[in-house]
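Colleague: Here the sequence shown stands for residues 83 to 334, where the numbers follow the working numbering.
C-beta: ideal position from N, C-alpha, C; glycine also.
Since the structure is predicted, the reported quantities are computational estimates derived from the model, not experimental observations.
Have a look at this one.
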Amino acid sequence: MLKVHIFPDKVQSGAAAAARGASLIRQALQNYGTANIVVATAPSQNEMYDALVAEKDLDWGKVNIFHLDEYIGLDDHHPASFRFNLHKTFLDRLPIPPMAFHPVQGENPNPQEVCDALEREIGSLRLDVAFIGIGENGHIAFNDPPADFDTKRSYLPVQLDEVCRHQQFAEGWFPTMEDVPKVAISMSVPQIFRAKAIINTVPDARKAAAVAAAVEGPVTNLCPASILQTHPDCHLYLDAPAASQLKGSYQE
């Protein structure tokens with residue numbers, strides 16, 4: 083069931099998302115001794131990560147972290163690399179290193195080899211929490227419309243559509259549109275869906291149309307995030323601008 087939480091600003095929505103996510107990680111540590119999580123890289127996640135790294139009494143040394151997606155052709159030193167930015171905003175700020183981090187090696191000239199290796203690593207592993215966002219085109223991870231809802235693969239090479247590429251350029255990651263990669267490796271929609279809980283953090287007015295389609299529109303692969311309506315435990319954290327096109331009544 084998709085539950086919508088709306089806050090006045092993205093600092094508050096990010097803090098609330100982090101608090102719920104931290105609680106789920108603690109619960110997994112208590113129940114299983116370890117926790118397995120999935121993490122995204124995007125400016126939309128920054129406030130959530132600020133709050134998550136500040137959470138007390140989280141034994142990150144027992145947390146196994148899987149990376150959501152990465153551009154094909156960028157190494158982890160490129161300033162637009164998702165791995166580079168994930169280290170800067172999250173991983174390098176943790177009080178202790180995680181048990182393991184499973185990055186998407188975008189610079190490997192054989193993307194399918196990368197997908198195969200990640201698929202072996204994630205296997206049938208229990209996933210406790212997936213921290214994700216929604217793109218301006220309604221994508222989750224780099225599963226642009228029309229997304230594959232039925233693939234059996236955990237990770238797959240994908241083509242990026244022009245709306246997605248323009249978002250990456252407009253966010254300042256690349257000097258020109260021509261520099262934005264056209265291909266990436268992404269965790270698949272079915273693999274994201276295997277997470278027991280999904281924490282979806284989406285701030286800013288530019289995401290408002292995608293949020294409205296995801297929450298109140300039909301479930302369709304033309305708005306990949308709409309499938310989150312059917313997940314048994316998905317919490318969507320919005321600031322007021324991101325929620326501005328919702329027509330329903332939602333209360334915290």
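For residue 131, which three-state DSSP category applies?
Modeller: It is helical.
Colleague: I'd like to check one pair, residue 243 with residue 280: are the Cβ atoms closer than 9 Å?
Modeller: Not closer than 9 Å, so no.
Colleague: Thinking just about the alpha-carbon of each residue, which of 275, 287, 321 and 329 is nearest to the one in residue 311?
Modeller: It is 275 whose Cα lies nearest to the Cα of residue 311.
Colleague: Enumerated in chain order, which unbroken segments of the beta strand (DSSP E) with a length of 3 residues or greater are wholly contained in the segment 103-168?
Modeller: Counting only runs of 3 or more, we get 117-121, 145-149 and 151-153.
Colleague: If I follow the unbroken alpha helix (DSSP H) through residue 296, where does it start and stop?
Modeller: 290-298 is the extent of the alpha helix (DSSP H) around residue 296.
Colleague: DSSP state of residue 284, grouped into three classes?
Modeller: Residue 284 falls in the strand class under three-state DSSP.
Colleague: When we look at the beta-carbon of residue 168 and count the other beta-carbons within 10 Å, is it buried (16 or more) or exposed?
Modeller: With 16 or more Cβ atoms within 10 Å of its Cβ, residue 168 is classed as buried.
Colleague: Report the three-state DSSP secondary structure of residue 248 (helix, strand or coil).
Modeller: Residue state, collapsed to three classes: helix.
Colleague: Suppose the cutoff is 6 Å on Cβ atoms and the five residues either side in sequence are ignored; what does the same chain contact list for residue 250 look like?
Modeller: Contacts found: 262.
Colleague: Thinking residue 175 and residue 140 are a contact (beta carbons under 8 Å), I'd like their distance in whole angstroms, please.
Modeller: At roughly 13 Å, the Cβ-Cβ gap does not stay under 8 Å, so residue 175 and residue 140 are not in contact.
Colleague: Residues in its own chain within less than 7 Å of residue 102 by CB, not counting five upstream and five downstream?
Modeller: Only 281 and 317 meet the Cβ criterion.
Colleague: Report the three-state DSSP secondary structure of residue 324 (helix, strand or coil).
Modeller: Here residue 324 sits in coil by DSSP.
Colleague: Have a look at the DSSP bridge pairing and note the partners of residue 269.
Modeller: DSSP lists 237 as partners of residue 269.
Colleague: For residue 234, count neighbouring Cβ atoms within 10 angstroms of its own Cβ and tell me buried if that reaches 16, exposed if not.
Modeller: Classification for residue 234: exposed.
Colleague: In the DSSP output, what is residue 86 paired with across the bridge?
Modeller: Paired residue(s): 318.
Colleague: Can you name the residues that DSSP bridges to residue 225?
Modeller: Partner(s): 222.
Colleague: Would you identify the three-state DSSP class for residue 214, choosing helix, strand or coil?
Modeller: Correct three-state label for residue 214: strand.
Colleague: What residue range is occupied by the uninterrupted alpha helix (DSSP H) comprising residue 199?
Modeller: Here the alpha helix (DSSP H) through residue 199 covers 193-204.
Colleague: If you check the beta carbons only, do residue 324 and residue 307 fall under 9 Å apart?
Modeller: No, the pair does not count as a contact, with Cβ atoms beyond the cut-off.
Colleague: Exposed or buried, residue 146, counting other C-beta atoms within 10 Å across all chains shown (16 or more means buried)?
Modeller: Buried, since its Cβ has 16 or more Cβ neighbours within 10 Å.
Colleague: Can you tell me whether DSSP reads residue 172 as helix, strand or coil?
Modeller: Coil, per DSSP.
Colleague: With DSSP collapsed to three states, give me the class of residue 302.
Modeller: Residue state, collapsed to three classes: strand.
Colleague: If you draw a straight line from the alpha carbon of residue 202 to that of residue 162, how long is it in whole angstroms?
Modeller: So the two alpha carbons sit approximately 27 Å from each other.
Colleague: Sorted by chain position, which residues of the same chain lie with C-beta nearer than 6 Å to residue 153's C-beta, five sequence neighbours on each side aside?
Modeller: Correct list, in chain order: 188, 263 and 266.
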